[in-house]
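A.B. asks: Residue numbers (our numbering): 12 to 752. I have a structure here, written as structure tokens, and I will follow up with some questions on it.
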Amino acid sequence: MAKPPGGNELIFRVAIPAPFYRLFDYLAPAETGPGPVLPGMRLEVPFGKGSKVAFLVAITQHSEFDNSKLKRVTRILDDEPLLSSKDLRLLHWASSYYHHPLGEVFSAAFPVSLRQGKPAELHVEKCYALTEQGKTIDGNRLNRAPKQKSVLEKFQCHAGSLSETELSLWNENWRPAVKTLVDKRLLEISKPDAAPGPGLLTRDSALQCNAQQQAAIDAACESLGQFAVFLLEGVTGSGKTEVYMQIIRHVLERGQQVLVLLPEITLTPQLEERFRQRFAVTIAVSHSKLTDGQRQNAWLQMQQGVCSILLGTRSALFTPLRNPGLIILDEEHDASFKQQEGFRFSARDVAVVRGKLLNIPVLLGSATPSLESLHNVDRRRYHLLHLPERAGNATAPILQLLDIRNKRMQEGLSEALIEDIRKTLARNEQVLLFLNRRGYAPTLICHGCGWVARCRRCDANLVIHYDESLLRCHHCAQEQPLIQRCVACETGELTPLGLGTERVEKVLATLFPDRMIVRLDRDSTQRKGTLENYLQQINQGCVDIILGTQMLAKGHHFPNVTLVAILDVDSGLFSIDFHAAEKLAQMIVQVSGRAGRAEKPGKVIMQTRKPEHPLLTTLIRQGYSDFARTALAERKEASLPPFSYQALLRAQALDNKMPPLFLEAVGKLARQYSQGHIQILGPVAAPMTKRAGLYRYQLLFQSTRRQALHALLDGLMPEIEKLKQAKKVRWSLDIDPVDLY
Ligand code: ADP
Ligand code: ZN
Ligand code: ZN
12 MAKPPGGNEL IFRVAIPAPF YRLFDYLAPA ETGPGPVLPG MRLEVPFGKG
62 SKVAFLVAIT QHSEFDNSKL KRVTRILDDE PLLSSKDLRL LHWASSYYHH
112 PLGEVFSAAF PVSLRQGKPA ELHVEKCYAL TEQGKTIDGN RLNRAPKQKS
162 VLEKFQCHAG SLSETELSLW NENWRPAVKT LVDKRLLEIS KPDAAPGPGL
212 LTRDSALQCN AQQQAAIDAA CESLGQFAVF LLEGVTGSGK TEVYMQIIRH
262 VLERGQQVLV LLPEITLTPQ LEERFRQRFA VTIAVSHSKL TDGQRQNAWL
312 QMQQGVCSIL LGTRSALFTP LRNPGLIILD EEHDASFKQQ EGFRFSARDV
362 AVVRGKLLNI PVLLGSATPS LESLHNVDRR RYHLLHLPER AGNATAPILQ
412 LLDIRNKRMQ EGLSEALIED IRKTLARNEQ VLLFLNRRGY APTLICHGCG
462 WVARCRRCDA NLVIHYDESL LRCHHCAQEQ PLIQRCVACE TGELTPLGLG
512 TERVEKVLAT LFPDRMIVRL DRDSTQRKGT LENYLQQINQ GCVDIILGTQ
562 MLAKGHHFPN VTLVAILDVD SGLFSIDFHA AEKLAQMIVQ VSGRAGRAEK
612 PGKVIMQTRK PEHPLLTTLI RQGYSDFART ALAERKEASL PPFSYQALLR
662 AQALDNKMPP LFLEAVGKLA RQYSQGHIQI LGPVAAPMTK RAGLYRYQLL
712 FQSTRRQALH ALLDGLMPEI EKLKQAKKVR WSLDIDPVDL Y
């Protein structure tokens, strides 16, 4: 690189993906490519004893260090920056808002393989499609070659072509059968689906919308090409996805791209298929089940503008868009949009800032909007689009409380509920039972002496997993064989206490021996493809009773389910976290939404010992919106978010004494820096103090003035790093925490 006049060398200021708040200076590399060197480019730099991939932030002429002390950039990895200048601004903003090191924020914006310095090359994949003959041939003619038959049918019920990635996700051993079908001229190698631009955008036609859907579509479409935030509040089954798709169509007509963010679990092949049925353009997908290479490809396709729609989870938020047109965030209330470790950003909040920087609309959708978003509607920052009714002929489910005080129960099922299940099954309809606890039972206790099986590394009981003959800690994943005899008294009989899904599954199997029961939780769906398989069986009507955890609460359609039961609603009523009521209400409404999606009316039963509890009665009599209004009024009364702003400093260490010492030192510093208007609460022990062998404490900052809070943290963060106690703990700062544990 040419030296500037005066002979001074140029200094490259870089962000390094490591927990340092400062930037690092390097001498310009010995060689650069033909084009200009610009911020955002990836560089390889020597660091410590090895080297790292870093991100160029600025080129300057002066360093506060003497040039002789500076090392030289090894090489420049990109010919041009992969992120636009607006997206670079977004990363700078996020780093300063979340008080998180810029290098780590940069790193979060790139897929793993690019973080490691791999070349930003798009791997062009082969695509396959049906030939004319393949489109019409009857799959049964391949009955003697089941693998070929299943591949053919996959293509026949899929609109358009399928890429190698899509085929691998569907079935890892697709190659031999596809090759044979190509030889038989039933399949052919084809071009990928259309890139953005003029041409065929959609395949099937849109549904005829009702008035409310149309009003929502019109309002959003009027704002295309400019920044606005819409909150689409639509009851479950109100046709939000249809609204998204019709708005997307307008964005595609403008030659622009759409980023659709979803919680991990709702990004099912069914949803993907719905999008592919509708749109003839290239659709990329990005979520945790894909390989690094597949995710890099999706990222680069959007970056290069060869793909029009990206369906992705939280980490897809930063994907660069060549022609950005719209960001949609579905199930915006979902906790999984908040990253809970490292760079703890809220994908929802950052999406809104990104929309503003890119000057495009942002659409947040939910049946149970977060209190934050409703508050933003009240403050006229977001526009409310309301879909109060189910679309088509579907009717809303009826919610009922079932008082189980003093009632006879069989492993968590009251007799009244069992009777209802029986009746529903007799009508050939499906039943869905919800219990948010995995395993057989959450506690193993000795009937002789009261000893309880505890995790040695956590303040928690070990959970019984009978199927695997294990005791497992759900907080640190530690396992041990299921013991037969009490360790303390050696004679007492060990008794399982409480209910988990495994236990309910067993009692269901004895109560309904001829019925097909499927349990859906993290344990039963660990293997790739299992969940999809079960969902398919459910939709084909082979399953009678579906039992599961919150995995069920999200997104799925079970059109033949007419009875939903929440087995233990009470356990959600007694949390000390002020977010708990909101989360419980959202969970109840979301689970209820699985009932009666088709034309059959649905019923929801909640077993409770607290039938007078205001949260439950408000929800049942008045619905989620009224519950949310009441909850917001309570938050306001108590000056809790969204009427104030919080930052939580967490610290943990092997030594029980270190975290409080560190947090006390921080608290003392904070009081010196504080200009008032800020409450500093703690340090206190975290509700689960010991976890995975570490003792955890926290210090809470709270203020009704966001700026005052951030000004304090700006001054404080560099000082915290310098504290001698900081070296003896692991600490992290969580801005706008959603989980106070
Ligand atoms: P949501 O995302 O709000 O839960 P969906 O968009 O998935 O709802 O729609 C629920 C069901 O209603 C789907 O089967 C969809 O095809 C159907 N649907 C949506 N809009 C209409 C409409 N205008 N007329 C008829 N059916 C509709
Ligand atoms: Zn005992
Ligand atoms: Zn543990």
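We treat Cβ as the ideally placed atom computed from N, Cα and C, and that holds for glycine. Note that the structure is predicted; figures quoted are calculated from it, not measured.
Going by the beta-carbon positions, is the gap between residue 268 and residue 335 smaller than 8 Å?
C.D. replies: Yes, these two residues count as a Cβ contact at 8 Å.
A.B. asks: To the nearest whole angstrom, what separates the beta carbons of residue 147 and residue 412, a pair I think is in contact under 8 Å?
C.D. replies: About 55 Å separates the two Cβ atoms, so there is no contact after all.
A.B. asks: What is the DSSP secondary structure of residue 565, counted as helix, strand or coil?
C.D. replies: Coil at residue 565, not helix or strand.
A.B. asks: Give me the Cα-Cα distance between residue 536 and residue 245, rounded to the nearest whole angstrom.
C.D. replies: Using only the alpha carbons, I get a separation of about 29 Å.
A.B. asks: Can you grab the Cα-Cα spacing for the pair residue 688 / residue 103, in whole Å?
C.D. replies: Going from the Cα of residue 688 to the Cα of residue 103 covers about 26 Å.
A.B. asks: Whose C-alpha, out of 460, 181, 301, is nearest the C-alpha of residue 540?
C.D. replies: Ranking the options by Cα distance to residue 540, first place goes to 181.
A.B. asks: Using beta-carbon positions only, say whether residue 378 and residue 601 come within less than 8 Å of one another.
C.D. replies: Cβ atoms of residue 378 and residue 601: closer than 8 Å.
A.B. asks: May I have the straight-line CA-CA distance separating residue 359 from residue 690, to the nearest angstrom?
C.D. replies: For residue 359 and residue 690, the distance between alpha carbons rounds to 26 Å.
A.B. asks: Can the beta-carbon of residue 395 be found closer than 8 Å to that of residue 242?
C.D. replies: Against a cut-off of 8 Å, the Cβ pair of residue 242 and residue 395 comes out as a contact.
A.B. asks: Following the continuous alpha helix (DSSP H) through residue 140, name the residue where it begins and the one where it ends.
C.D. replies: Where residue 140 is concerned, there is no enclosing alpha helix (DSSP H), although the beta strand (DSSP E) it sits in stretches over 138–141.
A.B. asks: Pick helix, strand or coil for residue 394, following the three-state DSSP scheme.
C.D. replies: DSSP places residue 394 in strand when its eight states are reduced to three.
A.B. asks: Might you give, ordered along the chain, the residues of its own chain that have their beta carbon closer than 8 Å to the beta carbon of residue 680, omitting 5 neighbours on each side?
C.D. replies: Excluding sequence neighbours, residue 680 sits near 727, 730, 731, 734.
A.B. asks: Is the beta carbon of residue 710 less than 8 Å from the beta carbon of residue 698?
C.D. replies: Result no, Cβ atoms of residue 710 and residue 698 do not sit closer than 8 Å.
A.B. asks: Label residue 196 either buried or exposed according to how many other C-beta atoms from any shown protein chain fall within 10 Å of its C-beta, with 16 as the threshold for buried.
C.D. replies: Residue 196 is exposed by the Cβ-count criterion.
A.B. asks: Report the CB separation of residue 613 from residue 560 in whole angstroms; it is logged as a contact under 8 Å.
C.D. replies: The pair is not a contact, with the Cβ atoms about 20 Å apart (cut-off 8 Å).
A.B. asks: With respect to 7 Å, is the separation between the Cβ of residue 469 and the closest non-hydrogen atom of ligand 1 below this value?
C.D. replies: False, no ligand heavy atom lies under 7 Å from that Cβ.
A.B. asks: Across the stretch 626–633 and the stretch 423–430, are there enough close Cβ pairs to call them in contact, namely three or more that are closer than 8 Å?
C.D. replies: No: the two stretches stay apart, fewer than three of their Cβ pairs being nearer than 8 Å.
A.B. asks: Determine the closest residue to residue 766 out of 142, 159, 143, with distance taken between C-alpha atoms.
C.D. replies: The requested residue 766 does not occur in the structure, where the chain is confined to residues 12 to 752.
A.B. asks: Report the partner residues of residue 737 according to the DSSP bridge assignment.
C.D. replies: Answer is none; residue 737 lacks a bridge partner.
A.B. asks: Is residue 213 closer than 8 Å to residue 275 when the C-beta atoms are compared?
C.D. replies: Cβ atoms of residue 275 and residue 213: not closer than 8 Å.
A.B. asks: Between 384, 349, 255, which has its C-alpha nearest residue 322's C-alpha?
C.D. replies: Here the closest residue by C-alpha is 255.
A.B. asks: Please work out which residues of its chain come closer than 8 Å, Cβ to Cβ, to residue 682, disregarding the five sequence neighbours upstream and downstream, and give them in chain order.
C.D. replies: Cβ within range, chain order: 691.
A.B. asks: Looking at the unbroken beta strand (DSSP E) that takes in residue 414, where does it start and where does it end?
C.D. replies: Per DSSP, residue 414 belongs to the beta strand (DSSP E) from 409–414.
A.B. asks: Counting by C-beta, which residues lie closer than 6 Å to a heavy atom of ligand 1, in chain order?
C.D. replies: Here the list is 218, 219, 220, 221, 224, 245, 247, 248, 249, 250, 251, 252, 253, 402, 403.
A.B. asks: Return the residue from the list 300, 21, 166 that minimises the CA-CA distance to residue 538.
C.D. replies: Checking every option, the nearest Cα to that of residue 538 belongs to 300.
A.B. asks: Taking residue 403 and residue 453 to be in contact with their CB atoms under 8 Å, please state how far apart those CB atoms are, rounded to whole angstroms.
C.D. replies: 41 Å between Cβ atoms; not a contact.
A.B. asks: Below 7 Å CB to CB, which residues in the same chain sit around residue 519 once its five sequence neighbours on both sides are set aside?
C.D. replies: Result list for residue 519: 528, 556, 558, in chain order.
A.B. asks: I want to check one thing, is the minimum distance from the CB of residue 460 to the heavy atoms of ligand 2 below 7 Å?
C.D. replies: Yes - ligand 2 has a heavy atom lying nearer than 7 Å to the Cβ of residue 460.
A.B. asks: Can you tell me the Cβ-Cβ gap for residue 333 and residue 351, rounded? I've got them flagged as a contact below 8 Å.
C.D. replies: Wrong, their Cβ atoms sit about 31 Å apart, outside the cutoff.
A.B. asks: Run through DSSP, which three-state label would residue 476 get?
C.D. replies: Here residue 476 sits in strand by DSSP.
A.B. asks: Mapping DSSP to helix, strand and coil, what is residue 589?
C.D. replies: If DSSP states are grouped into helix, strand and coil, residue 589 belongs with coil.
A.B. asks: Starting from residue 262, trace the alpha helix (DSSP H) both ways and give me its first and last residue.
C.D. replies: That run of the alpha helix (DSSP H) goes 251–264.
A.B. asks: Alpha carbon to alpha carbon, how far is residue 702 from residue 460? Give it in angstroms, no decimals.
C.D. replies: Answer to the nearest angstrom: the Cα atoms are 26 Å apart.
A.B. asks: For residue 447, does the count of other Cβ atoms within 10 angstroms reach 16, so buried, or fall short, so exposed?
C.D. replies: Residue 447 should be labelled buried.
A.B. asks: Does the beta-carbon of residue 500 have 16 or more other beta-carbons within 10 angstroms, so that it is buried, or is it exposed?
C.D. replies: It is exposed - the Cβ of residue 500 has fewer than 16 other Cβ atoms within 10 Å.
A.B. asks: How would you write the range of the beta strand (DSSP E) that residue 66 sits in, first residue to last?
C.D. replies: Here the beta strand (DSSP E) through residue 66 covers 61–71.
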